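Asker: Residue numbers are given in the working numbering: position 27 of the sequence shown equals residue 27, and the series is strictly consecutive.
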Amino acid sequence: MDWNWLDWVAVAALGGIVGASELISRYKDDPGAALGSWPAGFYIAINSAASAGALGLIRANNWFSTSRWTQILMAGISAMAFFRTSLFVVRAGDRDVGVGPSGFLQIFLGAADRSVDRKRAAARSDAVAKVMKGIDFAKARRSLPPYCLTLMQNVPPEEQQVLERALQALDKRDAESSVKALLLGLELINVVGADVLTTAVGSLGDQIRSVPEASESR
């Protein structure tokens with residue numbers, strides 16, 4: 001029996017895994033929602049098709065013919081590298097735009113971004129409004145971010161720095177305390193997710209509330 005078809009399945013799976021991992025890394029608060037959108041599925045399919053096409057090209061030219069697995073790995077790696085390169089860069093407005101395969105891939109990555117954002121917007125708004133209800137921004141700003149990050153343990157230093165810069169910008173915003181508390185919750189959800197934020201707020205309790213729950217119930 002000819003098992004060569006497994007090579008095509010393996011190389012397509014390799015390309016798909018790379019595409020999926022890229023999406024997961026962008027949507028840490030809910031990667032399942034990211035992978036469930038049709039633009040994300042199309043993005044993964046493009047990566048799979050590119051890897052399969054690279055394998056066809058390698059075999060048509062009889063490259064790395066001594067090892068099937070070398071062909072599969074080279075097909076997956078070369079397709080990923082090709083689709084993430086720019087032939088040249090042009091200046092459009094205030095940003096640089098890569099022209100080439102990477103620009104093509106970015107179209108679908110951008111579509112996946114917007115699709116996931118639309119789906120997640122309502123859920124994120126509801127979650128933050130529920131968790132951050134009655135939270136005092138000034139109190140929460142001091143203790144909630146470090147507590148959430150300590151609970152997570154494995155948030156990279158780079159992400160922590162990005163979060164801190166976002167929170168410093170939030171400190172300077174002219175807005176109601178309740179609104180800033182919601183924005184604080186959104187920033188934290190982006191890094192730690194809704195479950196961790198809910199746990200942290202519950203643990204800190206009255207220490208970060210504008211009015212203690214016992215007083216509210218009277």
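Note that CB positions come from ideal geometry on N, CA and C, so glycine has one too.
The model shown is predicted, which means the values in this text are computed figures rather than measured ones.
Going by beta-carbon coordinates alone, are Leu163 and Ala200 separated by less than 8 Å?
Answerer: Contact flag unset, no.
Asker: With a cut-off of 8 Å on the beta carbons, I'd call Ala10 and Ile107 a contact; round off their distance for me.
Answerer: Their Cβ separation, rounded to whole angstroms, is 27 Å, which puts Ala10 and Ile107 out of contact at 8 Å.
Asker: Could you tell me whether the Cβ of Gly110 comes closer than 8 Å to any Cβ of chain B?
Answerer: Among the chains in the structure shown there is no chain B, since it carries only a single protein chain.
Asker: Assign Arg209 to one of three DSSP states: helix, strand, or coil.
Answerer: Residue state, collapsed to three classes: strand.
Asker: Quick check: what's the CA-CA separation for Ser65 versus Arg59?
Answerer: Distance between the alpha carbons of Ser65 and Arg59: 7 Å.
Asker: At what residues does the alpha helix (DSSP H) containing Asp136 begin and finish?
Answerer: Looking at the DSSP string, Asp136 is not in any alpha helix (DSSP H), and its letter there is neither H nor E.
Asker: Comparing alpha-carbon positions, which option in Arg120, Thr85, Met132 and Gly15 lies nearest Ile208?
Answerer: Of the listed residues, the one whose Cα sits closest to Ile208 is Met132.
Asker: Classify Glu22: buried if its beta carbon has 16 or more other beta carbons within 10 angstroms, exposed otherwise.
Answerer: By the 10 Å Cβ count, Glu22 comes out buried.
Asker: Which first and last residues belong to the alpha helix (DSSP H) in which Asp30 is found?
Answerer: That residue, Asp30, is in no alpha helix (DSSP H); it is neither H nor E in DSSP.
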